[in-house]
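Student: Residue numbering for the sequence shown is 1 to 711, as defined by full-length UniProt numbering. First the structure, which I've put down as structure tokens, then a few questions once you've had a look.
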Amino acid sequence: SLVVLFGATAGAYGAKLGSDERELILLVWQVVDLHSKKVGTLHKSLVKADNLELSDQCREVSGLTPEGLGKAEPLDRVLQQFSQLVSSDLKVLGRSSYTLCSDGQLLIRQVLHPETSKKNFLLSDCFYSFYDLRKEFHTCYPSSAAVKDQTIKTMAEYLGLGTDEAEEDFGVWQVKTMVAIIFSMLSEGCNHVFTEPETVKYKYETGPCLLWFWFFFLCSSKSETVDSETVIRARGLPWQSSDQDIARFFKGLNIAKGGVALCLNSQGRRNGEALVRFVNSEQRDLALERHKHHMGSRYIEVYKATGEEFLKIAGGTSNEVAQFLSKENQVIIRMRGLPFTATQEDVLGFLGPECPVTGGKEGLLFVKYPDGRPTGDAFVLFSCEEYAQNALKKHKEILGKRYIELFRSTAAEVQQVVLNRYMSTPLIPTLPTPIIPVIPPPYTIATGSIRDCVRLRGLPYTAGIDDILEFMGDATGDIKPHGVHMVLNQQGRPSGDAFIQMKSADKAFMVAQKCHKKMMKDRYVEVFQCSGEEMNFVLMGGTLNRSGLSPPPCKLPCLSPPAYAAFQTAAVIPAEAAALYQPQALLPTTRTPQASAAAPPTVTYYPAQAAQLYMNYTAYYPSPPVSPTTVGYIAAPPGAVAAAATATHTPILPQPGALVRMQGLPYNTGMKEIISFFQGYQYAPDDYNGLIQLSDQARSVLQAPKEWVCL
1 SLVVLFGATA
11 GAYGAKLGSD
21 ERELILLVWQ
31 VVDLHSKKVG
41 TLHKSLVKAD
51 NLELSDQCRE
61 VSGLTPEGLG
71 KAEPLDRVLQ
81 QFSQLVSSDL
91 KVLGRSSYTL
101 CSDGQLLIRQ
111 VLHPETSKKN
121 FLLSDCFYSF
131 YDLRKEFHTC
141 YPSSAAVKDQ
151 TIKTMAEYLG
161 LGTDEAEEDF
171 GVWQVKTMVA
181 IIFSMLSEGC
191 NHVFTEPETV
201 KYKYETGPCL
211 LWFWFFFLCS
221 SKSETVDSET
231 VIRARGLPWQ
241 SSDQDIARFF
251 KGLNIAKGGV
261 ALCLNSQGRR
271 NGEALVRFVN
281 SEQRDLALER
291 HKHHMGSRYI
301 EVYKATGEEF
311 LKIAGGTSNE
321 VAQFLSKENQ
331 VIIRMRGLPF
341 TATQEDVLGF
351 LGPECPVTGG
361 KEGLLFVKYP
371 DGRPTGDAFV
381 LFSCEEYAQN
391 ALKKHKEILG
401 KRYIELFRST
411 AAEVQQVVLN
421 RYMSTPLIPT
431 LPTPIIPVIP
441 PPYTIATGSI
451 RDCVRLRGLP
461 YTAGIDDILE
471 FMGDATGDIK
481 PHGVHMVLNQ
491 QGRPSGDAFI
501 QMKSADKAFM
511 VAQKCHKKMM
521 KDRYVEVFQC
531 SGEEMNFVLM
541 GGTLNRSGLS
551 PPPCKLPCLS
561 PPAYAAFQTA
571 AVIPAEAAAL
581 YQPQALLPTT
591 RTPQASAAAP
601 PTVTYYPAQA
611 AQLYMNYTAY
621 YPSPPVSPTT
631 VGYIAAPPGA
641 VAAAATATHT
651 PILPQPGALV
661 RMQGLPYNTG
671 MKEIISFFQG
681 YQYAPDDYNG
691 LIQLSDQARS
701 VLQAPKEWVC
711 L
């Protein structure tokens with residue numbers, strides 16, 4: 001038996017049904033016995049939506065009103081009545097089983113499944129299998145219009161059925177016509193048989209996609225492609241969302257096994273994007289209709305993506321990962337913040353007997369850097385949801401002296417994290433173009449507690465220096481030379497913040513009062529008065545908030561710039577460009593007790609292509625979100641230093657080898673511990689003052705032992 005089903009929402013109708021997230025307001029159905037060609041009673045039921053506002057199209061097509069819907073039953077009650085009435089009609093016809101038959105796939109996949117998922121109640125098994133009347137009709141009548149162009153009216157016209165839509169209520173005509181079409185398909189001339197229903201997956205299947213293992217074990221290559229017509233990119237996901245949350249967002253559509261790949265940023269953290277691979281292009285096209293549908297309170301953007309992008313995120317594997325993920329239907333949990341000395345026994349002991357790990361030690365995968373050092377991350381397999389939930393309850397519990405974070409994870413995330421190792425190689429694989437010396441003017445970023453700077457927060461990401469100057473208006477004349485500093489995030493993109501150095505604290509105060517919450521393009525910008533010390537702190541990677549200053553992050557391995565084996569001749573930057581884009585040195589000029597006439601000058605180096613002056617500092621130091629106008633010192637070729645020394649006699653920081661970088665310090669390390677570490681190295685008493693911005697209290701600590709360290 002078939003149950004012919006028709007429905008409508010409070011919004012779009014026809015080909016756009018379900019694309020606007022509007023709720024179901026009408027269900028009409030009738031049982032059809034395919035053997036005896038008898039029908040049951042035709043039922044029509046209104047559904048009370050949470051939002052009774054109807055679109056103009058809905059009012060015009062259906063003739064329904066909010067007043068009439070207000071007296072109806074909610075969806076869960078209507079579905080219960082549906083099951084009861086269908087069972088009753090089947091008994092009358094002497095049948096016991098049935099399959100749904102709908103006009104296309106939108107009602108089942110795009111309306112019923114997403115809505116019931118959001119309202120947290122389950123659909124009965126009958127809604128996971130159905131016949132698409134349009135596909136069945138095209139199979140029976142191949143010369144008819146393409147499936148995507150079919151409607152109930154066009155199918156009826158093709159068969160010459162003389163039904164008048166105006167004579168029947170909305171929904172009733174559609175079901176009666178669908179039943180007439182089915183009987184025509186069952187006639188002796190066609191003898192159509194309904195054999196292959198459409199299916200909806202009950203749940204998303206985790207685990208690696210079979211093709212990944214196929215390529216690894218047989219081809220050891222990523223050259224094979226994934227059909228680009230089956231992949232989408234979802235953007236704007238909550239950072240804590242898992243693959244199951246994404247599958248729930250696409251409820252009703254069939255995602256390929258292991259087809260959810262969460263994208264990670266350079267720190268190995270989720271960036272709010274995911275690539276999703278569906279079983280076919282039809283499912284992908286339906287997924288695109290969910291553009292700007294909501295996950296909780298956030299709307300999710302859905303765009304087309306390519307198979308190549310999917311393979312880049314999810315296509316890599318290794319022996320270690322393949323063995324770990326070979327157990328199917330496992331729940332994966334990611335642990336972050338583990339002590340570097342943690343062992344498998346420590347992790348198993350932390351999880352305890354209430355959440356046993358699948359395979360014991362074989363169900364653990366520690367993430368390590370290429371040199372074998374632990375990253376503090378691990379992945380754990382659990383055989384069921386109950387064990388995984390017990391493990392998640394241990395979120396932020398203590399192991400050793402550190403609290404451990406636990407999150408749901410995916411097979412694709414395992415592959416990304418294990419293989420990429422948090423961007424352990426330089427972002428730019430080749431050396432930059434040879435560099436040339438430019439003698440900077442005696443100008444440095446202001447420091448101190450005088451509040452002669454302003455901070456702009458909430459800038460449009462497309463805003464540039466010209467936009468900021470236009471935003472400042474008449475106050476641009478009070479900005480110090482080279483006093484505009486754009487703050488970039490860890491990916492080298494605008495963060496929405498900028499700092500501006502004004503000529504005085506009074507000027508900064510006036511700007512903050514005048515420009516606060518003034519509009520720039522389509523956004524209002526907050527303007528706050530601050531000091532040079534606070535500005536420097538943020539430009540060097542710290543944060544400035546209501547609770548005060550937070551130190552710069554030290555979570556990523558900061559790779560030192562590579563040594564240049566040889567320096568070739570490079571084109572000189574034009575004088576106009578050099579004057580316009582002079583750098584502010586990260587380290588002010590050192591002060592020495594005795595000025596030496598032979599001391600070489602301070603030399604700063606730009607890449608030859610520095611006309612754009614967004615230096616590739618992120619190539620080697622991806623961690624601090626610094627200003628693009630803040631350029632560090634790079635070791636200069638000895639010949640260039642010697643040549644520059646003949647032109648001026650400004651003291652220079654000794655090169656090379658004057659600076660050392662300390663990596664791997666405990667987060668609570670203070671100056672005393674660092675000084676103690678370098679005990680025995682002598683210094684001239686005032687040399688460090690120009691190298692490190694110190695408070696008076698910190699300076700007294702450094703002067704006490706009469707020893708210093710070059711950082």
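For every residue, glycine included, the Cβ atom is placed at its ideal position computed from N, Cα and C.
For the structure I just gave you, are there three or more beta carbon pairs, one from the region 228 to 239 and one from the region 297 to 311, closer than 8 Å?
Tutor: Taking 8 Å as the limit for Cβ pairs, the verdict is that the region 297 to 311 does touch the region 228 to 239.
Student: Hey, quick one: how far does the alpha helix (DSSP H) through Y387 stretch, first residue to last?
Tutor: Where Y387 is concerned, the enclosing alpha helix (DSSP H) stretches over 385 to 392.
Student: Using a Cβ-Cβ cut-off of 7 Å (strictly less than) and excluding sequence neighbours within five positions of F202, which residues of its own chain qualify?
Tutor: Reading the sequence as shown, one finds Tyr at residue 202 and not Phe. Cβ within range, chain order: Y128.
Student: Am I right that A378 and L338 are in contact with their C-beta atoms under 8 Å? What's the rounded C-beta distance?
Tutor: Correct: roughly 6 Å between the Cβ atoms.
Student: Could you tell me which of Y158, T177, L159, G160 sits nearest to A166, measuring between CA atoms?
Tutor: Ranking the options by Cα distance to A166, first place goes to T177.
Student: Which first and last residues belong to the alpha helix (DSSP H) in which L122 is found?
Tutor: Unbroken run through L122: none, as it is neither H nor E.
Student: Report, in whole angstroms, the separation of the C-beta atoms of K48 and L79, which I expect to be a contact under 8 Å.
Tutor: So it is not a contact: roughly 13 Å between Cβ atoms.
Student: Based on Cα-Cα distance, which residue from L46, S62, Q240, V3 lies nearest to D169?
Tutor: Among L46, S62, Q240, V3, the Cα nearest to that of D169 belongs to S62.
Student: Does A575 come out as helix, strand or coil in the three-state DSSP assignment?
Tutor: Its pLDDT being 43, under 50, A575 is placed unreliably in this model, and the coordinates cannot settle the point.
Student: Out of D132, E413, R248, which has the shortest C-alpha to C-alpha gap to T195?
Tutor: The shortest Cα separation from T195 among D132, E413, R248 belongs to D132.
Student: Measuring straight from C-alpha to C-alpha, what distance separates residue 730 and G104?
Tutor: Residue 730 lies beyond the range of the chain shown here (1 to 711); nothing can be said about it.
Student: Between the alpha carbons of L210 and K257, how many angstroms are there, rounded?
Tutor: Note that L210 has pLDDT 44, beneath the 50 cutoff, so the model's placement of it is unreliable and the number below is only indicative. Going by the C-alpha atoms only, they are around 8 Å apart.
Student: Here's a check: name, in chain order, each residue in its chain whose Cβ is nearer than 6 Å to the Cβ of K361, leaving out the five neighbours to either side.
Tutor: Excluding residues within five positions, the ones whose Cβ falls inside 6 Å are Q344.
Student: Given a cut-off of 9 Å, decide if I246 and T288 are closer than it, judged by their beta-carbon atoms.
Tutor: The amino acid occupying residue 288 in the given sequence is Leu; Thr does not appear at that position. No, these two residues do not count as a Cβ contact at 9 Å.
Student: Based on the DSSP secondary-structure assignment, which residues constitute the bridge partners of M671?
Tutor: In DSSP, M671 forms no bridge with anything.
Student: May I ask which residues mark the beginning and end of the alpha helix (DSSP H) holding A505?
Tutor: Looking at the DSSP string, the run of the alpha helix (DSSP H) that includes A505 is 505 to 515.
Student: Can you list, in chain order, the residues of its chain whose CB lies under 6 Å from that of M662, leaving out five sequence neighbours each side?
Tutor: Cβ within range, chain order: n/a, list empty.
Student: Which partner residues of I255 appear in the DSSP bridge assignment?
Tutor: Partner(s): F278.
Student: Have a look at L90, F528, C515 and flag the residue whose alpha-carbon is nearest the alpha-carbon of L42.
Tutor: It is L90.
Student: Helix or strand or just coil, what does DSSP make of G7?
Tutor: G7: strand per DSSP, three-state reduction.
Student: Going by DSSP, what residue range makes up the beta strand (DSSP E) through Q30?
Tutor: Its beta strand (DSSP E) spans residues 24 to 33.
Student: To which residues of the same chain is N254 closer than 6 Å at the C-beta, ignoring the five residues directly before and after it?
Tutor: Taken in chain order, the residues that qualify are K201, V279, Q283.
Student: Taking P460 as the reference, give the member of D497, G252, S187, R277 with the closest Cα.
Tutor: When only C-alpha atoms are compared, the closest one is D497.
Student: Can you tell which of V193, F499, V276 has the C-alpha that lies nearest to the C-alpha of D33?
Tutor: For D33, the nearest C-alpha among the options comes from V193.
Student: Between K251 and P114, how many whole angstroms is the CB-CB distance? I'm expecting something under 8 Å.
Tutor: Indeed, because the Cβ distance is near 5 Å, the residues count as touching under 8 Å.
Student: Let me check understanding here. Comparing Cα to Cα, which of F677, P374, A391 lies closest to P353?
Tutor: Minimum Cα distance to P353 is reached at A391.
Student: Near A314, which residues of its chain fall below 6 Å by C-beta distance, leaving aside the five closest residues on each side in sequence?
Tutor: Counting only Cβ-Cβ distances below 6 Å, and skipping sequence neighbours, we find A261, A412.
Student: My parser needs the beta strand (DSSP E) runs of 3 or more residues fully inside the region 90 to 167; what are they?
Tutor: If we require 3 residues or more, the beta strand (DSSP E) runs fully inside the region 90 to 167 come out as 99 to 102, 129 to 132.
Student: Go ahead and label H138 buried or exposed: buried means 16 or more other beta carbons lie within 10 angstroms of its beta carbon, across all protein chains shown.
Tutor: With 16 or more other Cβ atoms within 10 Å, it is buried.
Student: Which residue wins for smallest C-alpha separation from E533, given the options G448, F407, G372, K401?
Tutor: Checked all of G448, F407, G372, K401; the closest Cα to E533 is G448.
Student: Is N191 helix, strand or coil by DSSP?
Tutor: Residue state, collapsed to three classes: coil.
Student: Per DSSP, what kind of secondary structure is F340 in: helix, strand or coil?
Tutor: Residue state, collapsed to three classes: coil.
Student: How close, in whole Å, do the beta carbons of L24 and L112 come, if the pair is a contact with beta carbons under 8 Å?
Tutor: The pair is a contact, with the Cβ atoms about 7 Å apart (cut-off 8 Å).
Student: Can you tell me where the alpha helix (DSSP H) holding S62 begins and where it ends?
Tutor: Here the alpha helix (DSSP H) through S62 covers 56 to 62.
Student: Go through its chain and collect everything with a Cβ distance to M185's Cβ below 6 Å, but skip five positions before and after it.
Tutor: Closer than 6 Å at Cβ, skipping near neighbours: C140, H192.
Student: I need the boundaries of the beta strand (DSSP E) containing T375, first residue and last residue.
Tutor: Where T375 is concerned, the enclosing beta strand (DSSP E) stretches over 374 to 382.
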